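Numbering-wise (this note's numbering), the sequence shown opens with residue 5 and increments by one.
Note that beta-carbon positions come from the ideal geometry of N, C-alpha and C, so glycine has one too.
Bear in mind the structure is a predicted one, so any value in this text is a computation, not a measurement.
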Amino acid sequence: MFSLPHRSPRDLPFVTDHTALLLVDMQRAWLEPQFDPHLEGPDAAYFLNRTRSQVVPNQVRLLNAFRDARQNVLHTLIESLTADGRDRSLDHKLSDMHLPKGSPQAQVIAELTPAENEIVLPKTSSGVFNSTNIDYVLRNLETRHLIIAGIVTDQCVDMAVRDAADRGYLVTLVADACATYTEARHDACLNAIKGYCWITDTDTVLGRLREMQP
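1) For a test of the three-state rule: what should DSSP assign to Ala87, helix, strand or coil?
2) Should Leu103 be labelled buried (16 or more other beta-carbon atoms within 10 Å of its own) or exposed?
3) If I'm right that Arg71 touches Ala119 with Cβ under 8 Å, what's the distance once you round it to whole angstroms?
4) Ignoring anything shorter than 3 residues, give me the beta strand (DSSP E) runs that lie fully in the stretch 29-88, in order along the chain.
5) Determine the burial state of Thr147: buried for a count of at least 16 other Cβ atoms within 10 Å of its Cβ, exposed for fewer.
6) Closest by CA to Ala183, which one among Trp34, His149, Pro218 and Thr136?
7) Which residue comes first and which comes last in the beta strand (DSSP E) that contains Cys182?
8) Only counting the same chain, and skipping five residues up and downstream in sequence, which positions put a Cβ closer than 6 Å to that of Cys160?
9) Taking the Cβ atom as the reference point for each residue, do Leu194 and Phe6 lie within a distance shorter than 8 Å?
10) By Cβ distance below 8 Å, which residues in the same chain neighbour Leu174 in space, the five residues on each side in sequence not counted?
11) Does Ala153 come out as helix, strand or coil in the three-state DSSP assignment?
As structure tokens, then:
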């Protein structure tokens, strides 16, 4: 079990123009049963309920708040750079994971559609820092605080948190804006990565944005 509040030395005030939001893999392929047959099984009920009732609504709140505060928003999603997927990682090829460039299933869900000037980074690995230029982009944006939310907690979100921390970012993970396929897996992941980030909830992040230092 994991419980808030989480005391961490990374719990520091956000700073205007040095704080960014990263949404991970919020795309149709993983959230709409028509694209993922696993979502039609009984084991998917928890995941679908959590994403629909909590994760997506909380991410909408985060997205709107970051836009209102004029802070940078980045979206990453699994999508090949080619139609045939020849650019995919070996792991994705062996796992038969291929979302063709521009395909409907690769799109971000409608509720979280990226705005025209927001950054979208397609990746072909679990870790966004491994198959995109996100580190280069974040440094160009002068990002210090990286706020992360997405799916699934114990896979691509986990890797984003660890890799960002290793590269010197102050990472905040928004626990109630993340999900994986069971509550036990979600909590186990939070306990495993709590040394890499400050784990908090949507309401707290929104409050910190309102209090953000110039």
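This is what the structure holds:
1) coil
2) Buried, by the Cβ-count rule.
3) 7 Å
4) 76-82
5) buried
6) Trp34
7) Leu174 to Ala183
8) Excluding positions up to five away in sequence, the list reads Val28, Asp29 and Ser130.
9) Yes, Cβ-Cβ distance for Leu194 and Phe6 is below 8 Å.
10) For Leu174, where only same-chain residues beyond five positions count, the Cβ hits under 8 Å are Arg14, Leu16, Arg148, His149, Leu150 and Trp202.
11) strand
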